[in-house]
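Let me begin by presenting the structure, written as structure tokens, before commenting on it.
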Amino acid sequence: MKSLKVGALALLATAAVSAQDLKESEVPAQLVANFNKEYSTATDVEWEKEDELYKVEFDMDRNEYELWYDASGKMTKMEKELKVTELPQAITSKISSSYASYKIDDIEIKEENGKTTYEVELEDGRKEITVIFDESGSVIKEFED
56 MKSLKVGALA LLATAAVSAQ DLKESEVPAQ LVANFNKEYS TATDVEWEKE DELYKVEFDM
116 DRNEYELWYD ASGKMTKMEK ELKVTELPQA ITSKISSSYA SYKIDDIEIK EENGKTTYEV
176 ELEDGRKEIT VIFDESGSVI KEFED
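Below you can see the structure in the form of structure tokens.
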């Protein structure tokens, strides 16, 4: 039991080292200025530093966002919650045909390295699965939660 507690503490310490909360004043000024210009209506803005990247989490237009920037201010990754009505038709059709017994629980769009994917959590009352789609509706990966 003692080794389990020590292991849990070590895991928490590792997580704390890899990502640290930042005050806005600790983020490069140009990065903050660019963010505020592009996302002027953002609320609940929280900054973190993960390795060499700056991560900002915020709410806007009733959606949750996560953006990663390098030190020069270039966005390297984006994640955003979506509503069912915002899913591309190809993905909606694929879900209707291949996952007809499931209901959509949660959706995120992710952009990284010029590639856009959609992560859709589906549930049918007995189990939950996550399916990652490309923009054309093809399944990239599927796994059980």
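By the working numbering, the letter at position 119 of the sequence shown is numbered 174, and the numbering carries on one by one without gaps.
Each residue gets a CB set at the ideal place from its N, CA and C atoms; glycine is no exception.
As the structure is a prediction and not an experimental result, all values here were calculated from the model.
- Counting along the chain, the unbroken beta strand (DSSP E) around Asn-118 starts and ends at 118 to 124.
- Between the region 132 to 142 and the region 87 to 104 there are fewer than three inter-stretch CB-CB distances shorter than 8 Å, so the stretches are not counted as touching.
- Annotation for Glu-167: no alpha helix (DSSP H) segment contains it, though the beta strand (DSSP E) segment containing it runs 158 to 167.
- In this structure the region 122 to 134 does not lie against the region 151 to 158, because fewer than three pairs of beta carbons, one per stretch, are closer than 8 Å.
- Relative to Arg-117, the option among Thr-96, Pro-143, Val-186, Gly-169 whose CA is nearest is Thr-96.
- Taking all protein chains in view, the Cβ of Ile-195 is surrounded by fewer than 16 other Cβ atoms within 10 Å, so the residue is classified as exposed.
- Collapsing the DSSP output to three states places Ala-145 in a helix.
- By the beta-carbon neighbour count (other beta carbons within 10 angstroms, threshold 16), Phe-198 is exposed.
- In the DSSP assignment, Leu-86 falls within the alpha helix (DSSP H) that extends over 84 to 93.
- Residue range 170 to 178 is occupied by the beta strand (DSSP E) that includes Lys-170.
- The beta carbon of Val-82 lies closer than 7 Å to those of Trp-102, Tyr-109 in the same chain, with the five residues before and after it left out.
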